[in-house]
Amino acid sequence: MNFTQELEKLKHDICEKWLDYCQRNEEWICTLMNANSLWRNTNEEIDQYLIEADQEKFESWNTSRPNADFIIGVVSNFNLEAQSLIGFTTTLSTNRDVIIQSLGLNFDPFLEIERRKFSQSQQATLIPASSELDDIREQIKQNSGEIT
Numbered sequence: 000m001n002f003t004q005e006l007e008k009l010k011h012d013i014c015e016k017w018l019d020y021c022q023r024n025e026e027w028i029c030t031l032m033n034a035n036s037l038w039r040n041t042n043e044e045i046d047q048y049l050i051e052a053d054q055e056k057f058e059s060w061n062t063s064r065p066n067a068d069f070i071i072g073v074v075s076n077f078n079l080e081a082q083s084l085i086g087f088t089t090t091l092s093t094n095r096d097v098i099i100q101s102l103g104l105n106f107d108p109f110l111e112i113e114r115r116k117f118s119q120s121q122q123a124t125l126i127p128a129s130s131e132l133d134d135i136r137e138q139i140k141q142n143s144g145e146i147t
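So in numbering that gives the first Met the number 0, spot 43 of the sequence shown is number 42, and the numbers just go up one at a time.
Next comes the structure, spelled out in structure tokens:
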């Protein structure tokens, strides 16, 4: 892998860990951010399919992320590579919002979690249960004359 690919992989890994962290700690993160007005607007569009699926939930959704200091503090503890990347980005800019942007974390993590939940629920409805697949395979074998 070349440097650019390694960097993109590292950023992807950091993003995945950040989303996992947010999902596990959503309650207290939201409480802390709300109590101290630490949300930063991301101006993201909310996907129409999410609005259609749960209009009440998403009609008043304000796309935002925790402030940059909080995100940097969390992700810098994921692993040594994340620490090194953050250290490197601070040599390029000390603007914490620019650092978050360069790490690819300038998005609403809870909106992304909702997108993933929706996607997983859609996939679950499209994929038959394994027992159904086994039944279909068995039927195909019988129809083709295979002995089971």
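Every residue, glycine too, gets a C-beta built ideally from N, C-alpha and C.
Small disclaimer: the values here were computed from a predicted structure and weren't measured.
Presumed contact (8 Å Cβ cut-off) between residue i and residue j, rounded CB distance
{"i": "threonine 41", "j": "serine 63", "result": "6 Å"}
{"i": "aspartate 107", "j": "glutamate 43", "result": "6 Å"}
{"i": "asparagine 61", "j": "leucine 37", "result": "Incorrect: roughly 13 Å between the Cβ atoms, too far for contact."}
{"i": "leucine 102", "j": "lysine 16", "result": "About 11 Å; that fails the 8 Å criterion."}
{"i": "threonine 89", "j": "isoleucine 98", "result": "7 Å"}
Inter-residue spacing [alpha-carbon to alpha-carbon] between residue i and residue j
{"i": "tryptophan 68", "j": "serine 92", "result": "Per the sequence shown, residue 68 should be read as aspartate rather than tryptophan. Their Cα atoms are separated by approximately 14 Å."}
{"i": "asparagine 1", "j": "lysine 8", "result": "11 Å"}
{"i": "glutamate 26", "j": "phenylalanine 109", "result": "11 Å"}
{"i": "serine 118", "j": "aspartate 46", "result": "12 Å"}
{"i": "aspartate 133", "j": "glutamate 5", "result": "40 Å"}
{"i": "glutamate 80", "j": "alanine 34", "result": "32 Å"}
{"i": "glutamate 55", "j": "glutamine 100", "result": "30 Å"}
{"i": "asparagine 24", "j": "glutamine 138", "result": "46 Å"}
Collapsed DSSP secondary structure at residue i in the structure displayed
{"i": "asparagine 35", "result": "coil"}
{"i": "asparagine 149", "result": "In this structure the chain extends from 0 to 147, so residue 149 is not present and cannot be described."}
{"i": "asparagine 24", "result": "helix"}
Residue range of the unbroken beta strand (DSSP E) whose run includes residue i
{"i": "serine 63", "result": "63 to 65"}
First and last residue of the uninterrupted alpha helix (DSSP H) at residue i
{"i": "aspartate 96", "result": "95 to 101"}
{"i": "phenylalanine 87", "result": "79 to 91"}
Best match in the options for proximity to residue i [C-alpha to C-alpha]
{"i": "lysine 116", "options": "Cys14, Thr3, Tyr48, Asp12", "result": "Tyr48"}
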